[in-house]
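J.: Here you go, one structure.
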Amino acid sequence: MGKDKTIIVIFGLLIVAIAFLGVKKMGSLRGQIAEQREFLGKSTQRLEYLNDLERSLEERRESGRVLVEIPRAQDPMANKVLMEKFIKSFLSRLGLEAEVKVENERRSRDFPDVITVNEVPLKIGVKGYASYDQVIKMLKEFKNFPFVVEVVTIGGTDVAVPGNLRVQLKYYIIPEGS
Amino acid sequence: MMLCMDQAGDRFLMTGLVKDKKKLRVCASLAVPVSDLPRFFKEEIKNLPQGVDEIRVSGPLENTFHKIFVVPDLKKKMLSAAVETEVLKAFGAEYQFKDKDLGQVPGPGTKVNRKMMAAGMKRAGLEELYGMFANSRTKPNLYTTYPAAVHGLLDRLEVLSDKPLAFIQVEKPVCRIVVFKGEEIRLTRELPVTDAAEDAENSGLSKDIYRTLLFYNDSYPEERAERLMFAGSCALPAMVEGLKQKTGAEIVPFDPAAVFEMDQPDSGVHPGCLGLALLEADRLDFGFVPFSVQEKRKIKKTLVLCSSAAAGVLLVFILIMSRLSFDLKDLDAFHGGIKGEIRMKEDRLKEMPLEFISQSIEASQPPWSEILMELAAVVPPGVALSTFTLKDVKKVWRGEVTGVANGTDEINSLLKVEETEDNFTRSPMFNSVKLTERELQGERVEFKIIYQLDI
Numbered sequence: 001m002g003k004d005k006t007i008i009v010i011f012g013l014l015i016v017a018i019a020f021l022g023v024k025k026m027g028s029l030r031g032q033i034a035e036q037r038e039f040l041g042k043s044t045q046r047l048e049y050l051n052d053l054e055r056s057l058e059e060r061r062e063s064g065r066v067l068v069e070i071p072r073a074q075d076p077m078a079n080k081v082l083m084e085k086f087i088k089s090f091l092s093r094l095g096l097e098a099e100v101k102v103e104n105e106r107r108s109r110d111f112p113d114v115i116t117v118n119e120v121p122l123k124i125g126v127k128g129y130a131s132y133d134q135v136i137k138m139l140k141e142f143k144n145f146p147f148v149v150e151v152v153t154i155g156g157t158d159v160a161v162p163g164n165l166r167v168q169l170k171y172y173i174i175p176e177g178s
Numbered sequence: 179m180m181l182c183m184d185q186a187g188d189r190f191l192m193t194g195l196v197k198d199k200k201k202l203r204v205c206a207s208l209a210v211p212v213s214d215l216p217r218f219f220k221e222e223i224k225n226l227p228q229g230v231d232e233i234r235v236s237g238p239l240e241n242t243f244h245k246i247f248v249v250p251d252l253k254k255k256m257l258s259a260a261v262e263t264e265v266l267k268a269f270g271a272e273y274q275f276k277d278k279d280l281g282q283v284p285g286p287g288t289k290v291n292r293k294m295m296a297a298g299m300k301r302a303g304l305e306e307l308y309g310m311f312a313n314s315r316t317k318p319n320l321y322t323t324y325p326a327a328v329h330g331l332l333d334r335l336e337v338l339s340d341k342p343l344a345f346i347q348v349e350k351p352v353c354r355i356v357v358f359k360g361e362e363i364r365l366t367r368e369l370p371v372t373d374a375a376e377d378a379e380n381s382g383l384s385k386d387i388y389r390t391l392l393f394y395n396d397s398y399p400e401e402r403a404e405r406l407m408f409a410g411s412c413a414l415p416a417m418v419e420g421l422k423q424k425t426g427a428e429i430v431p432f433d434p435a436a437v438f439e440m441d442q443p444d445s446g447v448h449p450g451c452l453g454l455a456l457l458e459a460d461r462l463d464f465g466f467v468p469f470s471v472q473e474k475r476k477i478k479k480t481l482v483l484c485s486s487a488a489a490g491v492l493l494v495f496i497l498i499m500s501r502l503s504f505d506l507k508d509l510d511a512f513h514g515g516i517k518g519e520i521r522m523k524e525d526r527l528k529e530m531p532l533e534f535i536s537q538s539i540e541a542s543q544p545p546w547s548e549i550l551m552e553l554a555a556v557v558p559p560g561v562a563l564s565t566f567t568l569k570d571v572k573k574v575w576r577g578e579v580t581g582v583a584n585g586t587d588e589i590n591s592l593l594k595v596e597e598t599e600d601n602f603t604r605s606p607m608f609n610s611v612k613l614t615e616r617e618l619q620g621e622r623v624e625f626k627i628i629y630q631l632d633i
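Shown next, in the form of structure tokens:
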């Protein structure tokens with residue numbers, strides 16, 4: 001093989017190597033760009049969601065549509081007692097006699113990590129009620145406080161507390177200093 | 179300075195020229211034995227009045243041929259092939275040659291032929307010539323034959339015409355005779371010059387020159403060398419006069435001063451060198467390049483082309499990758515900005531936890547009154563619900579009701595169960611309604627319906 005052909009072959013191989021590495025690197029960069037665009041899309045969506053949320057929360061704050069918190073003590077045991085008493089008096093005001101089980105306070109997983117919220121699981125067993133209206137009123141009244149109903153059963157046994165109308169719910173607490 | 183070198187026998191006749199205004203000025207004229215050339219390039223070249231930046235060379239006459247061929251009028255490529263065949267036939271394969279088209283000539287009958295002139299140099303001779311410049315910093319950029327160089331000079335002196343002209347350079351160690359007719363180089367001959375004085379007396383060289391002219395007349399019977407031009411320090415007046423009388427030819431004076439300026443008018447003038455200086459390298463018909471040089475140039479060209487291609491490909495990839503990198507950087511920066519904004523928003527949200535909880539509860543809790551009212555509406559008369567349950571299972575409210583249908587008979591009770599199921603299905607509040615259990619208890623039917631809430 002002549003010298004010029006050798007040179008052509010060597011440079012041909014060099015060009016092929018450059019092209020191979022170049023295409024590989026380009027592919028990797030394109031992959032990174034696509035990935036980054038995907039992240040960017042998600043972040044943009046999240047930002048839009050947060051903007052909407054912020055606007056909505058601001059409106060809520062300005063309009064005063066904010067739930068009322070139940071007074072709390074420093075001691076957890078005292079808090080449990082306070083909570084039980086509060087629910088019982090709350091229900092008796094509605095003409096309902098009930099058994100209330102208050103569990104220990106724990107970190108809630110119902111909210112994003114952005115805010116720290118604790119929850120107190122509650123079980124209420126109402127022995128008897130006069131009408132549907134009483135039940136509806138009770139459920140409506142819950143909406144004035146940071147209660148979230150998880151299970152409602154009439155005549156069922158899905159909530160482990162004695163009673164004809166049983167409700168399982170959570171009370172959300174914003175921990176001190178969060 | 180341009181150094182023109184004309185190899186005559188065992189010597190190189192050299193002339194150094196510089197371009198002065200529009201004329202070429204001869205600033206050095208010397209003769210160096212071929213064997214002394216390495217020493218010349220090593221030591222003596224420094225003694226020249228100016229530095230050498232260009233070298234032109236004409237090879238020894240004995241290593242060259244000049245021949246006119248008449249070939250059929252063909253296309254350019256075929257014409258070249260025909261000339262090549264003729265050259266191979268006449269001189270063999272040891273010559274590197276070039277041809278020049280001298281135009282059409284009438285052929286036999288109505289046919290037209292083409293006159294082609296070929297000039298060649300022995301390949302080995304050319305390589306040898308190239309090898310002589312191994313010690314020279316400047317390499318020759320033009321190799322040609324002595325007749326081609328002289329033709330350039332005589333053309334500039336405007337002495338070439340249709341009348342044949344015999345140019346005779348008598349210079350030790352050789353006398354060179356070239357007969358020109360117009361553009362054609364018709365005959366070349368090299369004769370040894372022994373002693374100028376002796377030769378003038380006994381006319382030994384004169385006889386050889388005369389015989390050469392007679393040979394030309396024999397080769398071209400319809401014409402004869404009508405004009406003679408003498409050059410060289412050994413062309414003595416007695417010899418010139420003798421040849422004039424013998425041939426009856428006209429003596430054309432050799433006067434290079436019309437074209438060149440001479441620093442020292444009496445210094446030896448080398449016509450071959452002057453001719454070389456006048457040639458235009460890019461328009462020269464009989465310029466030769468040694469194969470080794472051609473090979474080097476080819477390799478250099480291939481190297482330049484290949485490296486340019488590789489550099490081009492590399493550059494293209496670098497440009498594309500830089501563009502992509504910049505895009506990625508921009509995206510990173512933009513994403514960074516959005517992330518910062520998100521962090522700010524999240525910090526702001528931390529300041530409104532109660533509002534957040536309120537909103538979350540409001541969004542997740544079903545409208546209890548509407549549900550219970552709807553439940554009362556979908557249960558037809560004769561059907562009593564035993565249980566009603568609604569659970570939040572991973573953000574989906576799933577419910578079930580159990581009850582008893584009490585018709586007048588079994589069929590009626592079953593129809594009431596179906597009616598209950600239909601009512602659930604038609605209700606806009608419930609979806610995914612399914613009757614999962616149905617059991618006859620005498621005339622009554624116990625049932626279970628599961629559903630989901632649409633909130």
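Going down the list, the sequences are from chains A and B.
Sequential numbering from 1 applies to the first sequence in the working numbering.
Sequential numbering from 179 applies to the second sequence in the working numbering.
In this text, a Cβ means the ideal position worked out from N, Cα and C, and glycines have one as well.
On a predicted model such as this, the values are computed, not experimentally measured, just so you know.
1. Rounded to whole angstroms, what is the Cα-Cα separation between glycine 194(B) and leucine 215(B)?
2. Please name the residue, chosen from Leu208(B), Lys224(B), Glu232(B), that lies closest to leucine 181(B) on a Cα-to-Cα basis.
3. With respect to the beta strand (DSSP E) encompassing isoleucine 246(B), which residues constitute its N-terminal and C-terminal limits?
4. Does the CB of glutamate 624(B) have a neighbour CB from chain A at under 8 Å?
5. Using the rule of at least 16 other Cβ atoms within 10 Å of the residue's Cβ for burial, across every protein chain shown, is alanine 403(B) buried or exposed?
6. Buried or exposed for leucine 330(B), please, with buried defined as at least 16 other CB atoms from any protein chain shown within 10 angstroms of its CB.
7. At a CB-CB cut-off below 9 Å, which residues of chain A make contact with leucine 493(B)?
8. In the stretch 321-383 of chain B, which residue ranges form an unbroken alpha helix (DSSP H) of at least 4 residues, counting only runs that do not cross its ends?
9. Buried or exposed: where does leucine 266(B) fall if 16 or more other Cβ atoms within 10 Å of its Cβ makes it buried?
10. Could you say if the stretch 343-351 of chain B and the stretch 406-423 of chain B meet the contact criterion of at least three C-beta pairs nearer than 8 Å?
11. When the Cα of leucine 332(B) is compared with those of Leu307(B), Glu361(B), Val418(B), Lys317(B), which residue comes out closest?
12. Determine the closest residue to valine 430(B) out of Ser591(B), Arg292(B), Ser207(B), Val337(B), with distance taken between C-alpha atoms.
13. For the alpha helix (DSSP H) containing cysteine 451(B), list its first residue and its last residue.
14. Alpha carbon to alpha carbon, how far is leucine 122(A) from alanine 73(A)? Give it in angstroms, no decimals.
15. Given this structure, state the Cα-to-Cα distance separating serine 610(B) from valine 159(A), to the nearest angstrom.
16. Quick check on DSSP: helix, strand or coil for glutamine 134(A)?
17. Starting from glutamate 573(B), trace the alpha helix (DSSP H) in both directions and tell me its first and last residue.
18. Consider the Cβ of isoleucine 628(B): report whether some Cβ of chain A lies at a distance smaller than 8 Å.
19. Do you know whose CA, among Leu202(B), Glu599(B), Asp188(B), lies nearest leucine 457(B)'s CA?
20. Verify the CB distance criterion: does lysine 517(B) have a CB-CB separation below 8 Å to chain A?
21. In chain order, what residues of the stretch 23-40 of chain A put their CB closer than 7 Å to some CB of chain B?
22. Identify which residue in Arg622(B), Asp600(B), Glu615(B) has its Cα closest to the Cα of valine 557(B).
23. Nearest by alpha-carbon distance to glutamate 141(A): which of Val68(A), Asn118(A), Lys127(A) is it?
24. Anything in the stretch 151-169 of chain A with a Cβ closer than 8 Å to a Cβ of chain B? List those residues in chain order, please.
25. Of all Cβ atoms in chain B, is any one closer than 8 Å to the Cβ of asparagine 144(A)?
26. Can valine 210(B) and arginine 189(B) be called in contact, C-beta distance under 8 Å?
27. Given a limit of 7 Å on CB to CB distance, which residues of the stretch 519-536 of chain B reach chain A?
28. With C-beta atoms as the reference, is phenylalanine 111(A) less than 8 Å away from phenylalanine 534(B)?
29. Flag asparagine 51(A) as yes if its beta-carbon sits less than 8 Å from any beta-carbon of chain B, otherwise no.
30. Show which residues of chain A have a CB atom less than 7 Å away from the CB atom of glutamine 543(B).
31. What residues from chain B crowd round arginine 46(A), counting only those whose CB sits closer than 8 Å?
32. Three or more C-beta pairs closer than 8 Å, one from the stretch 125-145 of chain A and one from the stretch 102-110 of chain A: is that the case here?
33. Within a Cβ cutoff of 6 Å, which residues of the same chain sit near threonine 614(B), ignoring the five residues on either side of it in sequence?
34. Please list the terminal residues of the continuous alpha helix (DSSP H) segment that includes glycine 518(B).
35. Hey, could you find the ends of the beta strand (DSSP E) alanine 183(B) is sitting in?
36. Starting from threonine 565(B), find everything on chain A with Cβ-Cβ shorter than 7 Å and list it in chain order.
T.: So, from the data block:
1. Position 16 of the second sequence, counted from the start, is the residue given in the question as residue 194(B). Position 37 of the second sequence, counted from the start, is the residue given in the question as residue 215(B). Whole-angstrom Cα-Cα distance: 15 Å.
2. As a first step, residue 181(B) must be located in the second sequence, where it is residue number 3. Among Leu208(B), Lys224(B), Glu232(B), the Cα nearest to that of leucine 181(B) is on Glu232(B).
3. Along the second sequence, read from residue 1 onward, the residue named residue 246(B) stands at position 68. Start and end: 242-250.
4. Along the second sequence, one-based indexing puts residue 624(B) at 446. With 8 Å as the cut-off, glutamate 624(B) does not count as an interface residue toward chain A.
5. Position 225 of the second sequence holds residue 403(B). It counts as buried.
6. By one-based count along the second sequence, residue 330(B) stands at place 152. A quick correction: the sequence has glycine, not leucine, at residue 330(B). Burial call: buried.
7. Indexing the second sequence from 1 puts residue 493(B) at position 315. Simply none; closest approach about 10 Å.
8. 324-334, 374-380
9. Here residue 266(B) is taken as the residue at index 88 of the second sequence, counted from 1. So leucine 266(B) counts as exposed.
10. yes
11. Reading the second sequence from its first residue, position 154 is the one you call residue 332(B). Leucine 332(B) has its Cα closest to that of Glu361(B), out of Leu307(B), Glu361(B), Val418(B), Lys317(B).
12. In the second sequence, the residue the question calls residue 430(B) occupies position 252. Residue Val337(B) is the option with its Cα nearest to valine 430(B).
13. Looking up residue 451(B) in the second sequence gives position 273. Run containing cysteine 451(B): 449-456, per the alpha helix (DSSP H) assignment.
14. As a working note, residue 73(A) is residue 73 in the first sequence. As a working note, residue 122(A) is residue 122 in the first sequence. Straight-line Cα distance between these residues: approximately 18 Å.
15. Reading the second sequence from its first residue, position 432 is the one you call residue 610(B). Reading the first sequence from its first residue, position 159 is the one you call residue 159(A). Whole-angstrom Cα-Cα distance: 24 Å.
16. In the first sequence, residue 134(A) corresponds to position 134, counting from 1. Helix.
17. Working through the second sequence from its first residue, we reach residue 573(B) at position 395. For clarity, residue 573(B) is lysine in the given sequence; the question names glutamate instead. Run containing lysine 573(B): none; DSSP gives neither H nor E here.
18. In the second sequence, counting from the first residue as 1, residue 628(B) sits at position 450. No, because no Cβ of chain A sits closer than 8 Å to the Cβ of isoleucine 628(B).
19. Numbered from its first residue, the second sequence carries residue 457(B) at position 279. Considering only alpha carbons, the answer is Leu202(B).
20. The residue labelled residue 517(B) in the question sits at position 339 within the second sequence. So, interface residue.
21. So the close ones are Lys25, Met26, Leu29, Arg30, Gln32, Ile33, Gln36, Arg37, Phe39, Leu40.
22. Taking the second sequence and counting its residues from 1, the one referred to as residue 557(B) is at position 379. Valine 557(B) has its Cα closest to that of Asp600(B), out of Arg622(B), Asp600(B), Glu615(B).
23. The residue labelled residue 141(A) in the question sits at position 141 within the first sequence. When each option's Cα is compared against that of glutamate 141(A), the closest is Val68(A).
24. Val151, Val152, Thr153, Ile154, Gly155, Gly156, Asp158
25. As a first step, residue 144(A) must be located in the first sequence, where it is residue number 144. By this cut-off, asparagine 144(A) is not an interface position.
26. As a working note, residue 210(B) is residue 32 in the second sequence. As a working note, residue 189(B) is residue 11 in the second sequence. Yes; because the gap between Cβ atoms is below 8 Å, this pair is in contact.
27. Residues passing the 7 Å Cβ filter: Glu519, Ile520, Lys523, Glu524, Arg526, Leu527, Lys528, Met530, Pro531, Leu532, Glu533, Phe534, Ile535, Ser536.
28. Locating residue 111(A) in the first sequence gives position 111, counting from the first residue. Locating residue 534(B) in the second sequence gives position 356, counting from the first residue. Yes. Within cutoff.
29. Taking the first sequence and counting its residues from 1, the one referred to as residue 51(A) is at position 51. Yes, asparagine 51(A) counts as interfacial toward chain B.
30. Walking along the second sequence from the start, residue 543(B) turns up at place 365. Going along chain A in sequence order, the residues near glutamine 543(B) (Cβ under 7 Å) are Lys143, Val148, Val149.
31. Position 46 of the first sequence, counted from the first residue, corresponds to residue 46(A). Under the 8 Å cutoff, chain B gives Ile520.
32. no
33. Counted from its first residue, the second sequence places residue 614(B) at position 436. Around threonine 614(B): Lys626, Ile628.
34. Position 340 of the second sequence holds residue 518(B). Residues 469-528.
35. As a position in the second sequence, residue 183(B) is number 5, starting the count at 1. Correcting the residue identity first, residue 183(B) is methionine in this sequence and not alanine. Per DSSP, methionine 183(B) belongs to the beta strand (DSSP E) from 180-186.
36. Counting from 1 along the second sequence, the entry for residue 565(B) is found at position 387. The contacting residues are Thr153, Ile154, Gly155, Gly156.
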